[in-house]
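This report concerns only the one structure given below.
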Amino acid sequence: MIAVTINGRHHELDVPAEMPLLWAIRDVVGLTGTKFGCGQGLCGCCSVHIDGRLARACVTPVGAVNGKHVTTIEGLSADRSHPVQQAWIAEQVPQCGYCQSGQIMAAAALLRRHPHPSDDDINQAMSNICRCGSYQRIRAAIRRAAALLAQGGEEAS
Amino acid sequence: MSGVLTRAHFLRLTSSTAAGLVLAIGLDGCWHAPRTGIGDTEGDGAGAFSPSAWLRIDPDDRVTVVLAKAEMGQGVATGLPTLIAEELDYPLERIAVAFAPSEARFAYPQDHGRLLTGGSTSMRSSWKVLRQAGATARAMLIAAAAARWGVSPASLTTRDGAVIDPAANRRATYGSLAATAAQLPVPANVPLKTPDQFRLIGKTTVRRLDVPAKVDGSAVFGMDVKLPGMKYAAIAMPPAFGGKVRSYDDRAAKAIRGVVAVVQVPQGVAVVADNTWAAFEGKRALQVVWDHGVAAQASSEQFFAESERLARDPSAGVIATTIGDVEHVAGRRVEAIYRGPYLAHATMEPMNATADVRDGRCEVWVGTQSPTVAQLAAAQYAGLPLERCIVHNTYLGGGFGRRTYPDAVGAAVAVSKTVGMPVKVVYTREDDTQHDFYRPMSVNAIAGVLDDRGNLVGLSHTVVSESVFHWFLPSLANRGWDRVSMDGAAETVYHIPNFTAKYVDYEPGVPVGFWRAPDANWNIFVLESFMDELAATAGKDPVAFRLALLGDNPRAANVLRLAALHGGWNGPARPGVARGVAIGPWNGSLSAMVAEVSMTGSLPHVHHVTAVADCGQVVNPDVVRSQMESAIYYGLSAALSGKITIRNGRVEQGNFDTYTVLHMDQAPGIDVITVDSHDSPTGIGELGVPAIAPAVANAVFAATGKRFRSLPFSDPS
Numbered sequence: 001m002i003a004v005t006i007n008g009r010h011h012e013l014d015v016p017a018e019m020p021l022l023w024a025i026r027d028v029v030g031l032t033g034t035k036f037g038c039g040q041g042l043c044g045c046c047s048v049h050i051d052g053r054l055a056r057a058c059v060t061p062v063g064a065v066n067g068k069h070v071t072t073i074e075g076l077s078a079d080r081s082h083p084v085q086q087a088w089i090a091e092q093v094p095q096c097g098y099c100q101s102g103q104i105m106a107a108a109a110l111l112r113r114h115p116h117p118s119d120d121d122i123n124q125a126m127s128n129i130c131r132c133g134s135y136q137r138i139r140a141a142i143r144r145a146a147a148l149l150a151q152g153g154e155e156a157s
Numbered sequence: 001m002s003g004v005l006t007r008a009h010f011l012r013l014t015s016s017t018a019a020g021l022v023l024a025i026g027l028d029g030c031w032h033a034p035r036t037g038i039g040d041t042e043g044d045g046a047g048a049f050s051p052s053a054w055l056r057i058d059p060d061d062r063v064t065v066v067l068a069k070a071e072m073g074q075g076v077a078t079g080l081p082t083l084i085a086e087e088l089d090y091p092l093e094r095i096a097v098a099f100a101p102s103e104a105r106f107a108y109p110q111d112h113g114r115l116l117t118g119g120s121t122s123m124r125s126s127w128k129v130l131r132q133a134g135a136t137a138r139a140m141l142i143a144a145a146a147a148r149w150g151v152s153p154a155s156l157t158t159r160d161g162a163v164i165d166p167a168a169n170r171r172a173t174y175g176s177l178a179a180t181a182a183q184l185p186v187p188a189n190v191p192l193k194t195p196d197q198f199r200l201i202g203k204t205t206v207r208r209l210d211v212p213a214k215v216d217g218s219a220v221f222g223m224d225v226k227l228p229g230m231k232y233a234a235i236a237m238p239p240a241f242g243g244k245v246r247s248y249d250d251r252a253a254k255a256i257r258g259v260v261a262v263v264q265v266p267q268g269v270a271v272v273a274d275n276t277w278a279a280f281e282g283k284r285a286l287q288v289v290w291d292h293g294v295a296a297q298a299s300s301e302q303f304f305a306e307s308e309r310l311a312r313d314p315s316a317g318v319i320a321t322t323i324g325d326v327e328h329v330a331g332r333r334v335e336a337i338y339r340g341p342y343l344a345h346a347t348m349e350p351m352n353a354t355a356d357v358r359d360g361r362c363e364v365w366v367g368t369q370s371p372t373v374a375q376l377a378a379a380q381y382a383g384l385p386l387e388r389c390i391v392h393n394t395y396l397g398g399g400f401g402r403r404t405y406p407d408a409v410g411a412a413v414a415v416s417k418t419v420g421m422p423v424k425v426v427y428t429r430e431d432d433t434q435h436d437f438y439r440p441m442s443v444n445a446i447a448g449v450l451d452d453r454g455n456l457v458g459l460s461h462t463v464v465s466e467s468v469f470h471w472f473l474p475s476l477a478n479r480g481w482d483r484v485s486m487d488g489a490a491e492t493v494y495h496i497p498n499f500t501a502k503y504v505d506y507e508p509g510v511p512v513g514f515w516r517a518p519d520a521n522w523n524i525f526v527l528e529s530f531m532d533e534l535a536a537t538a539g540k541d542p543v544a545f546r547l548a549l550l551g552d553n554p555r556a557a558n559v560l561r562l563a564a565l566h567g568g569w570n571g572p573a574r575p576g577v578a579r580g581v582a583i584g585p586w587n588g589s590l591s592a593m594v595a596e597v598s599m600t601g602s603l604p605h606v607h608h609v610t611a612v613a614d615c616g617q618v619v620n621p622d623v624v625r626s627q628m629e630s631a632i633y634y635g636l637s638a639a640l641s642g643k644i645t646i647r648n649g650r651v652e653q654g655n656f657d658t659y660t661v662l663h664m665d666q667a668p669g670i671d672v673i674t675v676d677s678h679d680s681p682t683g684i685g686e687l688g689v690p691a692i693a694p695a696v697a698n699a700v701f702a703a704t705g706k707r708f709r710s711l712p713f714s715d716p717s
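Just so you know, the sequences run in chain order W and U. If you use our numbering, the first sequence corresponds to residues 1 to 157, in order. If you use our numbering, the second sequence corresponds to residues 1 to 717, in order.
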């Protein structure tokens, strides 16, 4: 049994410890906002927060999160009110949308480390892949989210 | 759980796992369907008003637009409802969107009963039809109110989903009129708004309807579909093209916890499990002995060598276009050979499909560019008549042409039929890269003739490639050349008095398919790079050289002039930065771009792109901008490092470490300028692709004097 708290809710998961967290979240817990893109930690579609730190769930064994708190896109805010989500809406970032849960989780983690990231910081930190090419809008949205946070927007996770 | 799920049943069941698919009150107090992507195309029936297949108004004031086109990021789930909302006088943000299942009645007239999204034609094929649908419904709602109130329809108007009687200061919502309107005859030729009356079309204030669900994880993609009792399957497919299963040993696979069955299907050997990971692990543990087939020794080097031989063979191929006599025109002759690699699509969402084949019925859930094509595959692998098979569409995690192909649907249906349970087949990223329908490799022989003043007086362009229609609809390839293989080659935007275009069909047996802007994505790279070569040979400015050939094409001249103007073509560049220019026509739309590039070692770094788009009437300016950005990054990604190679009959690349794609730190800033136009829309989803690679290559030439006649730039050759 793996004991893990996901978005504030406690789960006892009867799965092999080596199962990647991604599949425990998607197929066992049933939260599908976290996406499968590569299975090798290369694309970032599966980005989540583990005890507040950014992680790629497809290469994180679920056994490694025993006793920890996981936040997925569904738990970032209850109502799309997180400054990063607000900024994503304002800049109309998503196209197909498949990578965006991961992009948003990565951006939220970046802004916790770097409240005022430069474009270089953003380019370096945001290694998630987007095949629709929303990169320019992601940069703008992260700058906008940084401004929202500086104005006192609350961070939910 | 017995029997096949009904649609309503599916909606009820998924609502528990997919964050609420039931209708809900939105933040602004209005009725919303949460934009999760699976709406209800049928409604409750009673009292609904549905004057066309694409629009339904329910008595409770819900307005549902059924999309005959797939939403793969290009914005149709906003753009098409905009057309209806504009003419209906209904608030766009209150419209619920549902994706059409595989039923011919939902197809637009221009699509001949086929539900297919491709060729940047969605706005073109819906532009009149959906405005007409909205205007007709509005006229009928007005007629219903006029009858109720005993007044003339001409005395009534509409606003925000209600008919207004200004004289009597009364109003009736569309929902309250729906049952009455449904009894009225459908009028013909209801007049449409003129552009000066548009409130939504062309306005910058209109936001995408699908964005909220795409920032909170609630948008439902094919990958997210979950049915009661559903199993997950991974398929071991033949590594070499044309290969087959000889035998397999499934003992190790079955020993994996969660694996419930291993079955052979036409696509390969399927491992069926309780979750995706167990299916993947089981597939890895499977021991399959393959018959690698006739292509086992084939390599892309071999294909290139043979293609190059064909390109130089005057007796090979068929003429697509002849104007004048390019063989005998006098002047200075310049020749070049260009080589383009196979490319994978690499959609973010790997291929997948969910099927339930039981009790003589087949039901499929998939994000597809063609429910019609998916239904054909479902019927084939289910062994059932077409009418016993239905395909439901979801949001697509990227399409780019890839999701035209129903290979995952066929696999899911075959596995579900074999095990008698609902099954979701999921490709690993490696499966997705190695079992694609690739952008064809191509060898192009191109030659130009310059007169003694450096004007282009002759051009010949020979394309040697695989025809995508051989893998899709062979009947369309029967003339010996097809418009996709020759897109960007059979015709040019330029006036060239002597011009020949030739196609040589070379079929080495690698599956090829539609890849965003097929095959102009390569042929225009060749043409526009070669135009730059010719300009350099003639000692002319690349913009001026092109403009001299655009005297009878004012639309192309206009985009080129605008790109030069906004891209600072004639101004000084920053030290170390060079500019390149190219024109990119695509299926009736036109673009021109100026790229600013500096070199990092032998690799170009693209700093900025100025792109001009003429796509006729712009329906949503922000979506048009986003699609140009998207296509530019997609084309740039391929130009920088995209390459699929074949060795021993199989694809050498697998995941994103070997098939590398554009990342944030390589993504240039992009400015998009759109041409003001009230001409009918001509499409935007692919327009940005053709010009970006040649614009960058031409900038690289300007920076270094090195001419890239093959891609990607990262290739050492």
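Idealized CB from N, CA, C, for every residue including glycine.
Assignment of beta-bridge partners to U:GLY458 by DSSP yields U:VAL449 and U:ASN498.
Among the residues facing chain U, W:GLU12 is not included, as its CB has no counterpart in that chain under 7 Å away.
W:ALA64 carries a helical assignment under DSSP once its states are collapsed to helix, strand and coil. For W:ILE138, the chain U residues whose C-beta falls within less than 8 Å of its own C-beta are MET664, listed in chain order. By the C-beta density criterion, W:SER101 is buried, having at least 16 other C-beta atoms within 10 angstroms. In the structure shown, U:SER442 falls within a strand segment according to DSSP collapsed to helix, strand and coil. Where U:GLN264 is concerned, the enclosing beta strand (DSSP E) starts and stops at 259–265. Listed by position along chain W, the residues whose Cβ is nearer than 7 Å to that of U:ASN655 are CYS38, GLN40 and LEU42. Per DSSP, reduced to three states, the secondary structure at U:GLN617 is coil, with no helix or strand assignment.
Counting C-beta pairs with one atom in each stretch, the segment 321–338 of chain U and the segment 439–450 of chain U have three or more that are closer than 8 Å, which means they touch.
Using a Cβ-Cβ distance cut-off of 8 Å, the segment 129–136 of chain W and the segment 342–349 of chain U are in contact, since at least three pairs of beta carbons, one from each stretch, lie closer than that value. At least 7 Å separates the CB of U:THR117 from every CB of chain W. Ranked by Cα distance from U:THR428, the first of W:ALA17, W:LEU149, W:GLN40 and W:VAL4 is W:GLN40. Looking at the DSSP output, W:MET105 shares a beta bridge with no other residue.
Pairing W:TRP23 with U:THR204 gives a Cβ-Cβ distance that is not under 7 Å. Cβ neighbours of U:GLY113 within its own chain (closer than 6 Å, five residues either side excluded): ALA104 and ALA107.
Secondary structure note for W:TRP88: its alpha helix (DSSP H) is the uninterrupted segment 83–90.
At a cut-off of 7 Å, the C-beta of U:ILE670 has a neighbouring C-beta in chain W. Taking C-beta atoms under 8 Å as the contact rule, W:ILE73 and U:MET664 fail to qualify, at a distance of about 19 Å. For W:SER118, no chain U residue has a Cβ inside 7 Å of its Cβ, as the nearest lies near 12 Å away. Secondary structure of U:TYR633 (DSSP, three-state): helix.
The straight-line gap separating the alpha-carbon atoms of U:MET593 and U:LEU562 is approximately 9 Å. When CB distances to chain W are screened at a threshold of 9 Å, the residues of the segment 194–221 of chain U falling below it are ARG207, ARG208, ASP210, VAL211, PRO212, ALA213, LYS214, VAL215, ASP216, GLY217, SER218, ALA219, VAL220 and PHE221, in chain order. Neighbours of U:ILE632 across chain W, judged by C-beta separation under 9 Å: GLY133. Separation of the CB atoms of U:ASP89 and U:THR194 is rounded to 15 Å, and the pair is thereby denied contact status at 8 Å. Per DSSP, reduced to three states, the secondary structure at U:GLY383 is coil, with no helix or strand assignment. At a beta-carbon threshold of 9 Å, the residues of chain W lying near U:MET223 are ARG26, THR32, LYS35, PHE36 and TYR98, ordered along the chain. For U:PRO621, same chain residues with a beta-carbon under 6 Å away, outside a window of 5 residues either side, are THR204 in chain order. Residues of chain W with a Cβ closer than 9 Å to the Cβ of U:ARG429 are, in chain order, PHE36, GLY37, CYS38, GLY39, GLN40, LEU42 and CYS43.
With a cutoff of 7 Å on beta-carbon distance, W:ALA57 and W:CYS46 are scored as near each other.
Proximity to W:SER118 across W:ARG143, W:ILE104, W:GLY97 and W:ILE6 peaks at W:ARG143, based on C-alpha coordinates. In this structure, U:GLY397 and W:CYS96 form a Cβ contact; the two beta carbons are roughly 5 Å apart against a cut-off of 8 Å. In the same chain as U:ALA53, and ignoring 5 residues on each side of it, the C-beta atoms closer than 6 Å to its own belong to ARG105 and PHE106, in chain order. At least 7 Å separates the CB of U:ASP436 from every CB of chain W. The continuous stretches of beta strand (DSSP E) do not include U:PRO716, and DSSP gives it neither H nor E.
At least one C-beta of chain U is nearer than 7 Å to the C-beta of W:ARG80.
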